[in-house]
Amino acid sequence: MRRRTVLKSLAAVIAARPAATLAQATAATTFSTTEIDTLHAIAEVVLPAEIGADARRRAVTTFVAWFANYRQGADMGHGYGASTLRAPSGPSQFSRYASQFTALDATARSRGGQTFRALPASDRRAIVEQLLNDPQPVNRLPTQPTGANLVADLMGSYFTSADAWDTCYRAEIQRDSCRTLDNSAEPPRPIK
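In this note's numbering, each number is its position in the sequence shown, counted from 1, plus 1399.
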């Protein structure tokens, strides 16, 4: 009877370990409410004004969700038209952002503000331009977050999205959707 109790206890510990590891990984890739507010303040100055506040909020939500759903070691499949599988996903770059959030607030304080979020849009824009150009200019927006530059990653997340394509072409391109061949000869419908 004692052996059975020990085995049950051991099985419970082993079963609980992956759940605890998953909880730690999720907690480690979750933006704080202050960081999300800062992302909104960044989005206000780097995303097009014409998309409106709701679309900017969706862009930030999508960016935050990308990290919340990121899983290291996930099967990456293969690219369109490629026959070879890609390597599994590497570690999340999320941890690289902490110092960047700190730098934004430190720069804001040097300009007389309490936080980056509290600065007027023109001052936030100047700080963002500096961040995109120093120490090395960002010449290309990433298609997925790399951790190298918070602002570039947020911009890349939006500008490579289906919403951005639809807005750019003012048509329902629906880049990430599979359309049927029934109307493939027709141009995409204009956005109303």
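Glycine residues also receive a C-beta, built at the ideal position from the N, C-alpha and C atoms. Just so we're clear, the structure is a prediction, and the values are computed from it rather than from any experiment.
Supposed close pair residue i, residue j - CB separation, criterion 8 Å
| i | j | result |
| --- | --- | --- |
| Ala1452 | Leu1553 | So it is not a contact: roughly 16 Å between Cβ atoms. |
| Leu1531 | Val1550 | 6 Å |
| Tyr1469 | Ser1494 | Contact doesn't hold; Cβ gap of about 12 Å is too wide. |
| Thr1462 | Ser1556 | Reading off the sequence shown, one finds Phe at residue 1462, where the question assumed Thr. With a Cβ gap of about 5 Å, Phe1462 and Ser1556 count as contacting. |
| Ala1520 | Val1444 | 5 Å |
Residue i vs residue j beta-carbon contact at 8 Å
| i | j | result |
| --- | --- | --- |
| Asp1562 | Ala1454 | yes |
| Ala1584 | Arg1516 | no |
| Tyr1479 | Gly1546 | no |
Contacting residues, own chain, Cβ-Cβ under 8 Å from residue i (five flanking each side not counted)
| i | result |
| --- | --- |
| Glu1571 | Asp1565, Pro1587, Arg1588, Pro1589, Ile1590 |
| Ala1473 | Pro1487, Ser1488 |
| Tyr1568 | Pro1587 |
Environment of residue i [buried if 16+ CB atoms lie within 10 Å]
| i | result |
| --- | --- |
| Asp1504 | buried |
| Asn1538 | exposed |
| Arg1523 | buried |
| Asn1548 | buried |
| Pro1359 | This structure gives no information on residue 1359, because the portion of the chain shown stretches from 1400 to 1591. |
| Pro1544 | buried |
7 Å Cβ shell around residue i - same chain, five flanking residues per side excluded
| i | result |
| --- | --- |
| Phe1558 | Leu1540 |
| Thr1483 | His1477 |
Cutoff 6 Å; reference residue i; Cβ partners in own chain excluding five residues on either side
| i | result |
| --- | --- |
| Thr1514 | Asp1504, Ala1507 |
| Ile1526 | Thr1506 |
| Leu1438 | Val1459 |
| Phe1430 | Val1463 |
Practice problem: Enumerate, from N- to C-terminal direction, the unbroken alpha helix (DSSP H) stretches of 4 or more residues contained entirely within the stretch 1436–1482. | Solution: 1451–1468
Self-check item: Whole runs of the beta strand (DSSP E) within the stretch 1479–1551, excluding any shorter than 3 residues
Solution: none
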